[in-house]
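Trainee: Keeping their order, the protein sequence lines are chains A and B.
So in the working numbering the end of the first sequence lands on 383, straight run, no missing numbers.
So in the working numbering the end of the second sequence lands on 124, straight run, no missing numbers.
Please see the structure below; I have some questions.
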Amino acid sequence: MWREPKVAPALPETAGGVMCTDCGCSGTEASAALPHHHHPHAEAPLHGVEETARRITVEEDLLSHNQRHAAANRRWLAQRGVLALNLLSGPGAGKTTLLEATLTHLDRSIPRAVIEGDPQTSLDAQRIRRAGAAAVQLNTGKGCHLDAHGVGHALEQLDPPSGALLFIENLGNLVCPAAFDLGEARRVVLLSVAEGDDKPLKYPDMFLSADLVLITKVDLLPHVDFDVEACRAALLRLNPKGAILPLSARSGTGMAEWLRWLRACRILTLTGHPDVDLSGG
Amino acid sequence: MHELSLCSELLASLGEQAQRHGFARVREVWLEVGMLSGVAPEALEFCFAALARGTMAEGARLVIQQVPAQGWCPGCDASAPMDSAETSCAHCGMPLERLAGGDGLRLKALDVA
């Protein structure tokens, strides 16, 4: 029933700025193209053009590709009244398990949808569907992060209703995903107590970019050397404005606060949207 | 980070410029790399050389200028350049905040034939 589109790695946009003329999708269908690159091949000189040396001024921003798609996603989500959250972490920190627990306990009146990102398999999308939510799985192959282009296609395929909470579960990777805005409203970074309390120091870009850091699997604290207060202090030095919440999807610790934070984000972002009813909380 | 996909985009851009301006070979590529962009010039050179083989940009030299970000010290209420995300104010030691620039990768110009 659900197609599993492959995400093409960052593709060059044409001079005309039309999305996806290279990978063949029109922007209204999810790309099923295999990853491919484009580069110009050696061409014969144009007839009548002499080989004279000259300087051509270009002034082109090469890093703006993802940002343009992210901005488009952000507009699309805002128009529909959908709150998108980008969930990031290293592999195995508990993103999917947290989503399963969240979907189970989230108020039934709140629509929800999930975009899953992994290099391979649709294991996580299957778990999400078993938890009762619609999910689209993106597979990046050798790619190491979700990008706004791929997420844009997934959004159109998923078509979340107004008022929905849209969770985007990024690849398990503390490095690359930090640099790629997907168009999300909030960034949530997970760090489990089994991964070491020094990760914020080692991966500052990731933790700096977080609106909320979840310290997960706290039920394991008796069995690991993880100094929660040291980790919290390091996080606050990095980003004094960020929120920090220890939790355990398994034991339920912190889950009520997490759900409250989600409801609050919905209210902050979606209040006043003509198509969204927030009376359910 | 991701210099390979950046070079792929760069080469596509060179192709577009060739169509627009009608040149056959690229001799030099002038780039401005922000010091906070996360882009490593050596990796760019390596990846570009690899991807440019067999194209009109084969053998082209990358001329890279690294530019700082404009930062601000909340302690001194003064601006100062930043050459990394961890740069501290030279006067009071507070971490600088990035105001503008220094995080891009710009294709400035091409020397072509």
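We put the beta carbon where it would ideally sit given N, CA and C, even for glycine.
For the segment 370-383 of chain A and the segment 224-242 of chain A, state whether three or more C-beta atom pairs, one from each stretch, are separated by less than 8 Å.
Mentor: They do not touch, by the three-pair rule.
Trainee: So if I threshold CB-CB distances at 7 Å, which residues from the segment 149-178 of chain A count as touching chain B?
Mentor: Answer set for the segment 149-178 of chain A: V151, E153, T154, A155, R156, R157, I158, T159, V160, E161, E162, D163, L164, L165, H167.
Trainee: Between which two residues does the alpha helix (DSSP H) harbouring R170(A) extend?
Mentor: Per DSSP, R170(A) belongs to the alpha helix (DSSP H) from 166-182.
Trainee: Among all the DSSP beta bridges, which residues are the ones paired with L190(A)?
Mentor: Note: L190(A) sits in a beta bridge opposite V291(A).
Trainee: Relative to the alpha-carbon of L337(A), which residue among L364(A), F309(A), G354(A), L322(A) has its alpha-carbon at the smallest distance?
Mentor: Minimum Cα distance to L337(A) is reached at F309(A).
Trainee: State buried or exposed for R31(B), treating a residue as buried only when at least 16 other CB atoms are found within 10 Å of its CB.
Mentor: Answer is exposed; the Cβ neighbour count stays below 16.
Trainee: Comparing the C-beta of P193(A) with each C-beta of chain B, is any distance below 9 Å?
Mentor: Not one chain B Cβ lies under 9 Å of P193(A).
Trainee: Could you name the residues of chain A that D122(B) contacts, counting a contact when the two beta carbons are closer than 9 Å?
Mentor: A155, R156, R157, I158, listed in chain order.
Trainee: Alpha carbon to alpha carbon, how far is G104(B) from P85(B)?
Mentor: G104(B) and P85(B): Cα-Cα distance of roughly 10 Å.
Trainee: For a cutoff of 9 Å on Cβ pairs, would you count D114(B) as touching chain A?
Mentor: So yes, D114(B) belongs to the interface.
Trainee: How big is the Cα-Cα spacing for R289(A) and S191(A)?
Mentor: Whole-angstrom Cα-Cα distance: 11 Å.
Trainee: Let's see if you can read the secondary structure: which residues bound the beta strand (DSSP E) around D122(B)?
Mentor: 116-123 is the extent of the beta strand (DSSP E) around D122(B).
Trainee: Tell me where the alpha helix (DSSP H) around S381(A) begins and ends.
Mentor: Neither: S381(A) is in no alpha helix (DSSP H) and is coded neither H nor E.
Trainee: Between T199(A) and D249(A), what straight-line distance do the alpha-carbon atoms span, to the nearest angstrom?
Mentor: Taking the straight line joining both Cα atoms gives about 23 Å.
Trainee: So, for C278(A): in the same chain, excluding its five sequence neighbours on each side, which residues have a beta-carbon less than 7 Å away from its beta-carbon?
Mentor: Cβ neighbours of C278(A) beyond the five flanking positions: C246, H247.
Trainee: What is the rounded straight-line gap between the Cα of H140(A) and the Cα of A23(B)?
Mentor: For H140(A), the pLDDT reaches just 41, beneath the cut-off of 50, and the residue's location in the model is therefore unreliable, leaving the point undetermined.
Trainee: Which residue's Cα is closest to the Cα of A233(A): P342(A), G183(A), T204(A)?
Mentor: Taking only the C-alpha atoms, the option nearest A233(A) is T204(A).
Trainee: Return the bridge partner residues of N272(A) from the DSSP annotation.
Mentor: DSSP output for N272(A) lists no bridge partner at all.
Trainee: Give the secondary structure of L314(A) by DSSP, where H, G and I count as helix, E and B as strand, and everything else as coil.
Mentor: Of the three classes helix, strand and coil, the one that applies to L314(A) here is strand, per DSSP.
Trainee: Please list the partners that Q28(B) has in chain A, where partner means a Cβ-to-Cβ separation under 7 Å.
Mentor: Result: I158, V160.
Trainee: Please report the residue range of the beta strand (DSSP E) in which G82(B) lies.
Mentor: Where G82(B) is concerned, the enclosing beta strand (DSSP E) stretches over 80-84.
Trainee: Give a yes or no on whether the C-beta atoms belonging to L273(A) and V291(A) are separated by under 9 Å.
Mentor: Taking 9 Å as the Cβ cut-off, L273(A) and V291(A) do not qualify as a contacting pair.
Trainee: Run the CB neighbour count on C117(B), radius 10 Å, all protein chains shown included, and call it buried at 16 or more, exposed below.
Mentor: This sequence places Arg at residue 117(B); Cys is not what is there. Buried: at least 16 other Cβ atoms inside 10 Å.
Trainee: Do you know whose CA, among D88(B), A68(B), G82(B), lies nearest M46(B)'s CA?
Mentor: Checking every option, the nearest Cα to that of M46(B) belongs to G82(B).
Trainee: Strictly by DSSP, which residues pair up with I158(A)?
Mentor: In the DSSP output, where bridge partners are listed per residue, I158(A) has L121(B).
Trainee: Please confirm whether R339(A) and F269(A) have their CB atoms less than 9 Å apart.
Mentor: Going by C-beta atoms, R339(A) is not nearer than 9 Å to F269(A).
Trainee: Would A146(A) pass as an interface residue toward chain B - the criterion being a Cβ-Cβ separation below 9 Å?
Mentor: Bear in mind that the predicted position of A146(A) carries a pLDDT of just 44, short of 50, making it unreliable; the figure below should be weighed with that in mind. Chain B contact via Cβ: present.
Trainee: With burial defined as no fewer than 16 other Cβ atoms inside 10 Å of the residue's Cβ, what is the status of A172(A): buried or exposed?
Mentor: With 16 or more other Cβ atoms within 10 Å, it is buried.
Trainee: Give a single yes or no on whether L42(B) has its beta carbon closer than 8 Å to a heavy atom of the ligand NAD.
Mentor: As presented, the structure is devoid of all ligands, the ligand NAD included, so that no description of it is given.
Trainee: Quick check: what's the CA-CA separation for P302(A) versus P342(A)?
Mentor: Approximately 13 Å between the Cα atoms of the pair.
Trainee: Would you kindly work out how many angstroms separate the C-alpha atoms of A237(A) and A256(A), rounded to a whole number?
Mentor: Rounded to the nearest angstrom, the two C-alpha atoms are 9 Å apart.
Trainee: In the segment 83-104 of chain B, which residues sit with their C-beta less than 9 Å from some C-beta in chain A, listed in chain order?
Mentor: Of all residues in the segment 83-104 of chain B, A96, E97 have a Cβ within less than 9 Å of some Cβ in chain A.
Trainee: According to DSSP, is L200(A) part of a helix, a strand, or is it coil?
Mentor: Here L200(A) sits in helix by DSSP.
Trainee: Which residues bound the alpha helix (DSSP H) around L62(B)?
Mentor: Looking at the DSSP string, the run of the alpha helix (DSSP H) that includes L62(B) is 52-63.
Trainee: Is E39(B) helix, strand or coil by DSSP?
Mentor: In the structure shown, E39(B) sits in a strand (DSSP, three-state: E or B).
Trainee: DSSP puts Q239(A) in a beta bridge; with which residues?
Mentor: E218(A), per the DSSP bridge assignment.
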